[in-house]
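Trainee: For the protein sequence lines, the chains are A and B, in the order given.
Following our numbering, the numbering of the first sequence begins with 1 at its first residue and continues without gaps.
Following our numbering, the numbering of the second sequence begins with 1 at its first residue and continues without gaps.
Beta carbons: idealized from backbone N, C-alpha and C, even for Gly.
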Amino acid sequence: DTGVSQDPRHKITKRGQNVTFRCDPISEHNRLYWYRQTLGQGPEFLTYFQNEAQLEKSRLLSDRFSAERPKGSFSTLEIQRTEQGDSAMYLCASSSWSDRVGVYEQYFGPGTRLTVT
Amino acid sequence: GNSVTQMEGPVTLSEEAFLTINCTYTATGYPSLFWYVQYPGEGLQLLLKATKADDKGSNKGFEATYRKETTSFHLEKGSVQVSDSAVYFCALSAFQGAQKLVFGQGTRLTINP
Numbered sequence: 001d002t003g004v005s006q007d008p009r010h011k012i013t014k015r016g017q018n019v020t021f022r023c024d025p026i027s028e029h030n031r032l033y034w035y036r037q038t039l040g041q042g043p044e045f046l047t048y049f050q051n052e053a054q055l056e057k058s059r060l061l062s063d064r065f066s067a068e069r070p071k072g073s074f075s076t077l078e079i080q081r082t083e084q085g086d087s088a089m090y091l092c093a094s095s096s097w098s099d100r101v102g103v104y105e106q107y108f109g110p111g112t113r114l115t116v117t
Numbered sequence: 001g002n003s004v005t006q007m008e009g010p011v012t013l014s015e016e017a018f019l020t021i022n023c024t025y026t027a028t029g030y031p032s033l034f035w036y037v038q039y040p041g042e043g044l045q046l047l048l049k050a051t052k053a054d055d056k057g058s059n060k061g062f063e064a065t066y067r068k069e070t071t072s073f074h075l076e077k078g079s080v081q082v083s084d085s086a087v088y089f090c091a092l093s094a095f096q097g098a099q100k101l102v103f104g105q106g107t108r109l110t111i112n113p
């Protein structure tokens with residue numbers, strides 16, 4: 001198992017451009033989460049999928065943000081018309097239910113650092 | 001809503017010192033509690049967890065006990081090493097629904113040789 005991977009690791013874009021990030025979860029995990037982390041802060045929840053269904057979205061996820069998880073495998077997060085305030089680390093995590101501990105354990109990818117100039 | 005409060009950093013200690021990072025939470029119901037660690041340039045790694053009151057999570061010499069009466073989950077280590085230098089995040093997840101993680105603001109720990 002290679003863990004959660006994210007691509008790209010770094011993205012620099014100009015304000016107003018669209019960007020798309022990809023997350024590949026651990027293969028047997030049915031849940032996939034997106035978080036955003038700004039400098040000096042803890043990650044904040046954006047949205048999550050159970051298989052291919054997007055079940056919850058945070059108020060942080062404005063209408064410029066869209067996420068998909070076709071076929072319940074990899075996921076993409078797109079930001080349209082980027083703003084400087086979108087500069088952050090975007091983290092993806094995947095999980096599955098653990099009977100042993102009775103909780104969904106989330107495993108994080110390395111993140112995509114977005115800089116909007 | 002659910003929230004987590006961590007002691008403010010940064011924290012600087014000498015090698016072999018005793019470490020405590022305080023964490024308190026506010027939540028409805030019975031959340032699960034976690035400590036994650038983020039080494040420089042890397043993603044978050046699950047360090048330890050506890051899913052019910054009085055559970056003790058432990059890993060790599062770190063320990064934390066789920067204290068429902070004080071709504072706390074303090075992280076401790078008896079003898080820290082330079083390699084423990086990182087940012088530590090306390091987090092909770094509700095028992096039902098999304099089980100999304102709610103994080104504290106993180107505590108930067110630096111261990112000097």
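Measure the C-alpha to C-alpha separation of B:T20 and B:G78 and round it to an integer number of angstroms.
Mentor: The straight-line gap from Cα to Cα measures roughly 9 Å.
Trainee: So does A:S95 have its beta carbon nearer than 7 Å to some heavy atom of the ligand SAH?
Mentor: What this structure holds is no ligand at all, so the ligand SAH is not there to describe.
Trainee: Mind checking the region 51 to 62 of chain A against chain B and listing, in chain order, the residues whose C-beta falls within less than 7 Å of any C-beta there?
Mentor: Those would be L55 and E56, in chain order.
Trainee: Between which two residues does the beta strand (DSSP E) carrying A:T20 extend?
Mentor: First-last of the beta strand (DSSP E) with A:T20: V19 to D24.
Trainee: DSSP three-state label for A:Q41, please.
Mentor: Of the three classes helix, strand and coil, the one that applies to A:Q41 here is coil, per DSSP.
Trainee: Among the candidates B:T12, B:F18 and B:T24, whose CA atom is the shortest distance from the CA of B:F89?
Mentor: Among B:T12, B:F18 and B:T24, the Cα nearest to that of B:F89 is on B:T24.
Trainee: May I ask you to list, following chain order, the residues of the region 86 to 99 of chain B that have a beta carbon less than 8 Å from some beta carbon of chain A?
Mentor: So the close ones are F89, A91, S93, G97, A98 and Q99.
Trainee: What residue from B:V82, B:E69 and B:K60 has the CA that sits closest to B:E76's CA?
Mentor: Comparing Cα-Cα distances from B:E76 to each of B:V82, B:E69 and B:K60, the minimum goes to B:K60.
Trainee: Where does B:V87 sit, in a helix, a strand or coil, going by DSSP?
Mentor: Residue state, collapsed to three classes: strand.
Trainee: Determine the chain B residues that contact A:P43 at a beta-carbon separation under 8 Å, and present them in chain order.
Mentor: Those are L44, F89, L101 and F103, listed as they occur along chain B.
Trainee: State whether the region 101 to 112 of chain A contacts the region 85 to 92 of chain A, with contact taken as three or more CB pairs (one from each stretch) at a distance under 8 Å.
Mentor: They touch, by the three-pair rule.
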